[in-house]
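Participant:
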Amino acid sequence: MMQDGIYAATYTQDQERTFGLLDVEGERLHFTSWVKHHKHSEYPQRGRVISRSRVWVMRAQVEVHSEWDDAQEARFAAIKRNMERESARGDYQEKLF
Numbered sequence: 356m357m358q359d360g361i362y363a364a365t366y367t368q369d370q371e372r373t374f375g376l377l378d379v380e381g382e383r384l385h386f387t388s389w390v391k392h393h394k395h396s397e398y399p400q401r402g403r404v405i406s407r408s409r410v411w412v413m414r415a416q417v418e419v420h421s422e423w424d425d426a427q428e429a430r431f432a433a434i435k436r437n438m439e440r441e442s443a444r445g446d447y448q449e450k451l452f
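Residue 448 in my numbering sits at position 93 of the sequence shown; the count goes up by one each step and never skips.
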């Protein structure tokens with residue numbers, strides 16, 4: 356059993372691994388990461404948005420690396436900057452649903 360706190364972790368879902376912040380509070384585990392999604396609006400230049408995603412996870416879905424610290428915060432910020440660059444260049448494939 357992990358102690359309550361905030362940890363750096365990798366979340367695996369459908370064979371996709373995502374780095375982020377794991378918030379442990381008793382039996383509750385919440386994982387926060389950056390996600391890309393479409394901004395829907397009435398205007399044709401809808402664009403893409405990068406925002407924080409916070410989801411409930413099970414212990415088996417996360418691999419804990421260390422306690423959250425300044426280095427982990429810097430890595431988290433760098434991931435967001437990279438996603439923003441990719442979105443600006445249009446480097447990632449649009450998913451059609």
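The C-beta atom is built at its ideal place from N, Cα and C for all residues, glycine as well.
Using CA atoms only, rank isn't needed, just tell me which of S421, A426, R444, R436 is closest to T365.
Facilitator: Against the sequence shown, residue 365 aligns to sequence position 10. When each option's Cα is compared against that of T365, the closest is S421.
Participant: In or out: Q427 buried (at least 16 other Cβ within 10 Å) or exposed?
Facilitator: Along the sequence shown, one-based indexing puts residue 427 at 72. Label assigned to Q427: buried.
Participant: What residues match up with F374 in a beta bridge as DSSP calls it?
Facilitator: Position 19 of the sequence shown holds residue 374. For F374, which the question treats as bridged, DSSP gives the partners T365.
Participant: Any idea which residues DSSP pairs S421 with across the strands?
Facilitator: Mapped onto the sequence shown, residue 421 falls at position 66. Looking at the DSSP assignment, S421 forms a beta bridge with A363.
Participant: Using the Cβ count rule (16 or more neighbours within 10 Å means buried), how would you classify W389?
Facilitator: Taking the first residue of the sequence shown as position 1, residue 389 is located at position 34. With 16 or more other Cβ atoms within 10 Å, it is buried.
Participant: Thinking C-beta only, is A363 closer than 8 Å to W423?
Facilitator: By one-based count along the sequence shown, residue 423 stands at place 68. By one-based count along the sequence shown, residue 363 stands at place 8. Yes; because the gap between Cβ atoms is below 8 Å, this pair is in contact.
Participant: So what's E382 in DSSP terms, helix, strand or just coil?
Facilitator: Position 27 of the sequence shown, counted from the start, is the residue given in the question as residue 382. Of the three classes helix, strand and coil, the one that applies to E382 here is coil, per DSSP.
Participant: Measure from the alpha carbon of Q379 to the alpha carbon of each residue in E439, A429, V419, then state which is nearest.
Facilitator: Taking the first residue of the sequence shown as 1, we reach residue 379 at position 24. Reading off the sequence shown, one finds Val at residue 379, where the question assumed Gln. With distances taken between CA atoms, V379 lies nearest to V419 out of E439, A429, V419.
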